[in-house]
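Trainee: Going down the list, the sequences are from chains V, C, U and F.
Using full-length UniProt numbering, you'd call the opening residue of the first sequence number 1 and step up by one each time.
Using full-length UniProt numbering, you'd call the opening residue of the second sequence number 1 and step up by one each time.
Using full-length UniProt numbering, you'd call the opening residue of the third sequence number 1 and step up by one each time.
Using full-length UniProt numbering, you'd call the opening residue of the fourth sequence number 1 and step up by one each time.
Glycine residues also receive a C-beta, built at the ideal position from the N, C-alpha and C atoms.
4 protein chains.
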Amino acid sequence: MSLRAQKTAKKKEEIVKSAISIITEKGYHNTTMEDIAAKLLMTKGSVYYYFKDKHDLLYQSYKMLLESSINTVADIQRENISVEDKLSKVMTAHIEYLIAERSGFETGINPEQFFEGNKLKSILDLRSKYASEIDRLIIEGIDSNVFAPVDVKIVRNIILGAMNWVIRWYSPEGEMRGEEMASSITKYLLRILKQND
Amino acid sequence: MSLRAQKTAKKKEEIVKSAISIITEKGYHNTTMEDIAAKLLMTKGSVYYYFKDKHDLLYQSYKMLLESSINTVADIQRENISVEDKLSKVMTAHIEYLIAERSGFETGINPEQFFEGNKLKSILDLRSKYASEIDRLIIEGIDSNVFAPVDVKIVRNIILGAMNWVIRWYSPEGEMRGEEMASSITKYLLRILKQND
Amino acid sequence: MSLRAQKTAKKKEEIVKSAISIITEKGYHNTTMEDIAAKLLMTKGSVYYYFKDKHDLLYQSYKMLLESSINTVADIQRENISVEDKLSKVMTAHIEYLIAERSGFETGINPEQFFEGNKLKSILDLRSKYASEIDRLIIEGIDSNVFAPVDVKIVRNIILGAMNWVIRWYSPEGEMRGEEMASSITKYLLRILKQND
Amino acid sequence: MSLRAQKTAKKKEEIVKSAISIITEKGYHNTTMEDIAAKLLMTKGSVYYYFKDKHDLLYQSYKMLLESSINTVADIQRENISVEDKLSKVMTAHIEYLIAERSGFETGINPEQFFEGNKLKSILDLRSKYASEIDRLIIEGIDSNVFAPVDVKIVRNIILGAMNWVIRWYSPEGEMRGEEMASSITKYLLRILKQND
DNA sequence: TATGAATGAGGCTTCATTCAT
DNA sequence: CATGAATGAAGCCTCATTCAT
């Protein structure tokens with residue numbers, strides 16, 4: 001990648017990160033392009049230089065979030081630890097990421113409402129990919145008798161729902177630090193899966 | 001309540017129910033007053049007769065949903081059954097209600113984003129009330145040694161997140177009926193609380 | 001048509017007529033919706049109540065112009081006069097209409113540039129219809145030996161070009177009245193067709 | 001002219017020619033500076049090196065077209081042929097030029113709409129000059145009894161309108177070649193002027 | 001000369017809301 | 001009570017133009 005292309009990529013990422021946090025805070029429709037630009041000390045026009053339109057910015061932001069999540073899981077999958085530890089790490093990472101990036105996209109933006117056609121498909125595909133990574137861990141755990149047999153789809157969605165909900169109630173000003181809370185949630189969720197012997 | 005007042009109340013409820021389902025489907029900002037009116041074969045003007053403005057309609061809809069939930073819990077609280085059964089019933093009812101009414105308000109509408117001042121306070125109070133009903137059941141269960149000791153706030157939020165998430169992934173066209181799924185989710189969530197003796 | 005529908009139709013026509021004259025004067029792109037509304041002492045919003053968007057207003061204006069031309073020709077076709085008189089009347093009417101309505105659509109708006117898809121097709125169809133009415137008169141004249149044999153398509157386009165050009169150079173402030181000029185142009189154009197015996 | 005000046009002049013002409021054809025095709029307002037630059041594999045910035053602004057590019061393009069037309073007429077005026085042949089040649093050249101350069105400026109761009117002040121005056125002067133060259137030929141023809149007496153202004157405008165209209169309907173894919181059509185139109189237009197003895 | 005990133009004015013469009021009938 | 005025409009504030013987006021490198 002040329003220097004220029006790098007610079008452009010960096011700028012795009014900067015905008016995306018900023019957009020994610022404002023949109024999480026105020027909601028997509030209550031966030032104006034002006035808001036997004038202003039937060040970065042840019043003008044609207046500049047944002048449009050990097051993104052076709054507001055919707056495109058949302059799409060690319062969403063995609064980046066999902067891809068980042070998938071990468072995290074893939075990294076963890078490669079580690080040489082037990083299934084339980086892997087799932088544990090995946091969950092903790094997920095929650096900590098939400099908190100750190102202040103991203104409420106998973107709860108605040110319903111892909112079916114915001115996207116259509118190829119864009120929707122692409123988002124749903126990424127979601128599925130992430131979901132199946134979790135499923136894989138669950139199944140592996142069941143197969144190796146570490147986890148009890150469960151309805152994988154339902155349990156996975158319980159896990160996702162519980163994790164994504166965090167952004168709605170966790171406050172950094174509270175008594176618990178993010179990591180503590182992440183590991184606490186993880187611990188409780190694992191109880192659903194653990195053999196009861 | 002006079003006949004007229006009754007009629008008005010009925011009409012209001014009709015509008016609210018319709019609004020909830022459209023807003024759940026398309027999102028608040030993608031739903032126009034025209035849409036809401038049209039679905040009921042009314043005109044915009046009529047809706048304004050019953051509700052001060054769009055925001056008021058949202059507020060009253062949200063309130064109605066929460067109050068209905070709270071009533072349900074209260075009813076269950078009064079029943080003469082075990083704590084575990086009570087919590088179980090509350091969760092099942094919550095999920096089935098979401099599915100039946102096709103309401104995605106809990107996930108789709110973040111009160112902090114949509115309301116402010118007294119309205120926000122009133123919504124948050126109702127939420128708290130509902131939350132503390134659940135907390136009460138959890139605590140009661142712990143006190144009576146039916147449930148393991150847990151961080152009540154965290155577990156309660158895990159439960160809420162997992163339940164509310166349902167509207168995002170459950171499809172009535174799928175193989176599982178709503179009640180089945182509700183009881184399945186309930187069963188798994190209870191594992192978090194159950195003593196592991 | 002109900003009273004209300006009549007009123008709406010009238011208002012639409014009012015807007016269209018006004019739009020035609022402003023667009024002719026300033027050009028489509030130099031005319032703002034504000035301009036069009038202001039000229040009628042309306043607000044932008046009102047115009048949008050009657051027309052989907054600016055382009056739709058252009059389309060309906062263009063269509064109305066063409067339909068009106070076609071009706072005029074049809075009326076003349078039915079009259080009990082000679083072919084030459086018919087063609088003569090058609091040309092005179094065309095020119096006088098341009099001047100009276102101050103419409104420069106034919107020269108100022110190239111359908112291929114402004115429309116596409118079905119709208120383009122619909123405009124081109126109307127144009128064709130008008131063109132073939134003129135062709136019919138030319139052919140009739142040739143068949144009855146009143147006109148000399150000519151390449152119909154070319155002569156028709158000469159006639160159209162010469163007539164439409166009027167809006168570009170005729171000034172009502174000049175020495176010649178519109179009708180005079182219309183009949184003068186008509187007279188000259190007929191020379192192209194007249195037998196030279 | 002220095003080598004550098006020559007190079008600059010050449011580049012300017014290149015840009016102008018390219019601009020004329022894009023603007024003819026898409027219209028001035030639908031043509032962006034980006035479009036013009038891209039077609040020449042330049043960047044916007046470069047175009048601005050040669051032309052003050054978009055409007056200046058339009059102006060110079062229009063001027064170049066008119067000057068070229070005037071030069072053509074002047075050349076023909078100097079030829080040692082009959083008045084009729086001169087007018088004939090002028091018209092044929094005019095039409096062939098429009099077709100060859102795909103220039104629809106005469107019909108697509110109304111000077112009154114696009115220019116003002118000195119620029120408008122300068123364009124109108126060139127137009128007048130061109131018009132009076134045609135007038136001169138007509139008058140000469142009348143004086144020498146080759147042409148019938150006519151209202152010169154009207155006939156000249158008929159001729160101009162008929163010629164300029166060509167760009168709107170002539171398609172190079174059609175059955176007739178450009179030269180054929182040019183001479184055909186010329187032939188018909190001359191009938192307006194020819195003595196009918 | 002050439003580039004491409006940044007700017008900002010201007011125009012289109014939507015839609016909640018009002019109000020006379 | 002109901003209607004539908006009218007309003008106008010607010011936000012998206014385009015693109016000519018500038019300018020540092």
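Which residue from PHE114(U), ILE123(U), THR186(U) and HIS94(U) puts its Cα closest to that of ASP75(U)?
Mentor: HIS94(U)
Trainee: ILE185(V) CB to nearest chain C CB: under 8 Å?
Mentor: yes
Trainee: Using a Cβ cut-off of 9 Å, which residues of the segment 30-42 of chain C contact any Cβ in chain V, in chain order?
Mentor: ASN30
Trainee: Could you pull out every residue in the same chain whose Cβ sits closer than 6 Å to the Cβ of PHE115(F), ignoring the five residues on either side in sequence?
Mentor: These residues qualify, in order along the chain: ILE123.
Trainee: What does MET181(F) reach in chain U if we use C-beta pairs closer than 8 Å?
Mentor: ILE154
Trainee: Please report the distance separating the alpha-carbon of TYR59(U) from that of LYS119(F).
Mentor: 32 Å
Trainee: Under the three-state reduction of DSSP, which class applies to PHE147(C): helix, strand or coil?
Mentor: strand
Trainee: With distance defined between alpha-carbon atoms, name the residue in GLU84(U), VAL166(U) and ILE167(U) nearest to SER144(U).
Mentor: GLU84(U)
Trainee: So, using beta-carbon positions, are ARG191(C) and ARG191(V) closer together than 8 Å?
Mentor: yes
Trainee: Whole-angstrom Cβ separation of LEU193(C) and GLY141(C), contact assumed at under 8 Å?
Mentor: 6 Å
Trainee: Taking the alpha helix (DSSP H) that TRP169(C) falls in, what are its first and last residues?
Mentor: 152-169
Trainee: Which of the three DSSP states is assigned to LYS119(V) in this structure?
Mentor: Reduced to three states, the DSSP call for LYS119(V) is helix.
Trainee: For a cutoff of 8 Å on Cβ pairs, would you count VAL90(C) as touching chain V?
Mentor: no
Trainee: Taking just the CA atoms, how far does TRP165(F) sit from ILE138(U)?
Mentor: Taking the straight line joining both Cα atoms gives about 19 Å.
Trainee: Given this structure, state the Cα-to-Cα distance separating TYR130(U) from VAL73(U), to the nearest angstrom.
Mentor: 8 Å
Trainee: In angstroms with no decimal places, state the Cα-to-Cα distance between ILE158(U) and THR92(F).
Mentor: 14 Å
Trainee: Compare the Cα-Cα distances from LEU41(V) to each of LYS7(V), LYS54(V), GLU25(V) and ILE15(V) and report the closest residue.
Mentor: ILE15(V)
Trainee: When you measure from the CB of LYS10(F) to every non-hydrogen atom of the ligand SAH, does any distance come out below 7 Å?
Mentor: Absence of the ligand SAH is noted for the structure shown, with no ligands found whatsoever.
Trainee: Going along chain V in order, which residues have a C-beta closer than 8 Å to the C-beta of ASP53(C)?
Mentor: Residues of chain V passing the Cβ test: none, with the nearest at roughly 16 Å.
Trainee: So within the segment 81-133 of chain U, which uninterrupted alpha helix (DSSP H) runs reach at least 4 residues, ignoring any that extend past its ends?
Mentor: Taking only runs of at least 4 residues, the alpha helix (DSSP H) segments lying wholly in the segment 81-133 of chain U are 83-101, 105-108 and 111-114.
Trainee: Say whether chain U places a C-beta atom closer than 8 Å to the C-beta of LYS129(F).
Mentor: no
Trainee: Quick one: grab the DSSP three-state call for LYS44(U).
Mentor: helix
Trainee: Alpha carbon to alpha carbon, how far is LEU87(U) from ILE70(U)? Give it in angstroms, no decimals.
Mentor: 13 Å
Trainee: Just the chain C side, please: which residues come within less than 8 Å of LYS26(V) by C-beta, in chain order?
Mentor: GLN113
Trainee: Could you tell me how far apart the beta carbons of GLY104(U) and THR24(U) are, in whole angstroms, since I believe they sit closer than 8 Å?
Mentor: The C-beta distance from GLY104(U) to THR24(U) rounds to 4 Å, short enough to fall under 8 Å.
Trainee: Give a yes or no on whether 8 Å exceeds the smallest Cβ distance from VAL146(C) to chain V.
Mentor: no
Trainee: Measuring CA to CA, which of ALA182(F), ILE134(F), LYS153(F) and GLU13(F) is closest to LYS63(F)?
Mentor: With distances taken between Cα atoms, LYS63(F) lies closest to GLU13(F).
Trainee: For TYR28(F), does the count of other Cβ atoms within 10 angstroms reach 16, so buried, or fall short, so exposed?
Mentor: buried
Trainee: Can you say whether GLY174(V) is buried or exposed, counting buried as having 16 or more other CB atoms within 10 angstroms of its CB?
Mentor: exposed
Trainee: Would you please verify whether the beta carbon of VAL73(V) is less than 8 Å from any beta carbon of chain C?
Mentor: Cβ-Cβ to chain C under 8 Å: no for VAL73(V).
Trainee: State the start and end residues of the unbroken alpha helix (DSSP H) segment that holds TYR188(F).
Mentor: Run containing TYR188(F): 178-193, per the alpha helix (DSSP H) assignment.
Trainee: When the distance is taken between beta carbons, is ILE154(F) closer than 8 Å to SER171(U)?
Mentor: no
Trainee: Once you ignore the five residues that flank LYS44(C) on each side, which residues in its own chain have a CB closer than 7 Å to its CB?
Mentor: MET33, GLU34 and ALA37
Trainee: Report, in whole angstroms, the separation of the C-beta atoms of GLY161(V) and GLU96(V), which I expect to be a contact under 8 Å.
Mentor: Taking 8 Å as the upper bound for CB-CB distance, GLY161(V) and GLU96(V) are not in contact here, some 17 Å apart.
Trainee: With distances taken Cα to Cα, identify the nearest neighbour of SER68(V) among LYS17(V), ASP53(V) and THR107(V).
Mentor: LYS17(V)
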